[in-house]
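For the sequence shown, my numbering assigns the number 1 to the initial residue and increments by one for each residue that follows. Backbone N, C-alpha and C define an ideal beta-carbon position, used for all residues, glycine too. Written below as structure tokens is the structure these notes are about.
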Amino acid sequence: MPGTRWSRLLPTALLVTLALTAISVWSTSDDIEAGLTARAKDALADMGVSGGEVTFSGRDANLTGFPPDKAAQAMDAIQRIDGVRTVEISGDTAPPAGPVTTSGEPSSPPAPPSPPPSPTAPAKPTDKAGFQAEIDRLLAATPITFEPDTTDLTADGERGALEIAKLLTDAPRELRFRITGTVATGSDKKLSLNRALTVERLLERNGVKRDQAYSTQRRTSDGASGEGRRVDITAEQR
């Protein structure tokens, strides 16, 4: 009967249609994967990235075998391709830590560490003992010395006197500073006082209060090494 024959042919027609549809989908999928694979190779070549492989399952990309310093660039290149849905990386490959450029150039090196802070300056003295210790330190480093048989400061002597002046300008009012001149054996006795006066005047010109530094004299016999051509300064309580 005609109706029976058509009823037998209908399942066969459905099966054929489904098979043709599957073949079409499979063929289209193959075409998509082939096209994306070719474009992926071109993109990697343009960026100078090699050493790995890209495969596609439909529009999903999988990267394998790329070295760590190239993995991030490879992922970025594939993600930029039109039509790619996802990008995964497998195996032992992993992008390196930190920022990675996508132009094929290495990332900028990290900034150098900050220099260590400079040492803190010593606290300024506030009492007689503190000022005397600082005076002794400065005079030991740069003694206040004179040219032989004169009241003319040497270059080092003037520099030492100026360092003392900087210190004494901050001295409290209750302190005074005695300037004692020395001379070598056989020199004029008045020379020691005149040397002390020279330093006193220099200190006043450089900010030390007039009534805080005063001159005195003494005579010594240790002139062979130049020790007889200097002044000493002593802190005193008013």
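For residue i, list the residues DSSP reports as bridge partners.
| i | result |
| --- | --- |
| T180 | T216 and D232 |
| S57 | D60 |
| Q290 | Outside the displayed range of the chain (1 to 238) lies residue 290, so it cannot be described from this structure. |
| D145 | Sequence inspection shows Thr at residue 145; the Asp mentioned does not correspond to that position. R230, per the DSSP bridge assignment. |
Do residue j and residue i have their beta-carbon atoms positioned less than 8 angstroms apart in this structure?
| i | j | result |
| --- | --- | --- |
| A34 | I78 | no |
| L139 | I233 | yes |
| T198 | L162 | no |
| D60 | T86 | yes |
| N206 | A165 | yes |
| T145 | R201 | no |
| A40 | I89 | no |
| A51 | P68 | According to the sequence provided, residue 51 is Gly. The question's Ala does not apply to it. No. |
| A235 | K124 | no |
Provide the residue span of the beta strand (DSSP E) that contains residue i, from first to last.
| i | result |
| --- | --- |
| A111 | Neither: A111 is in no beta strand (DSSP E) and is coded neither H nor E. |
When DSSP labels each residue in this structure, what does residue i get in the three-state scheme?
| i | result |
| --- | --- |
| I89 | strand |
| F66 | coil |
| K124 | coil |
| G83 | coil |
| G35 | helix |
| V100 | In this prediction, V100 has a pLDDT of 44, which is less than 50 and means its spatial position is unreliable; what the coordinates show is noted afterwards. Three-state DSSP puts V100 in coil, outside helix and strand. |
Under 8 angstroms by Cβ, that's how I've got residue i and residue j pegged, so tell me the actual separation to the nearest angstrom.
| i | j | result |
| --- | --- | --- |
| L203 | A196 | That pair is no contact at about 11 angstroms. |
| L63 | A45 | Their Cβ separation, rounded to whole angstroms, is 15 angstroms, which puts L63 and A45 out of contact at 8 angstroms. |
| T142 | T180 | Going by Cβ atoms, the distance from T142 to T180 rounds to 17 angstroms, so no, they are not a contact pair. |
Following the continuous alpha helix (DSSP H) through residue i, name the residue where it begins and the one where it ends.
| i | result |
| --- | --- |
| S192 | K189 to R205 |
| R159 | A155 to L168 |
| D152 | Run containing D152: none; DSSP gives neither H nor E here. |
| R137 | K128 to A141 |
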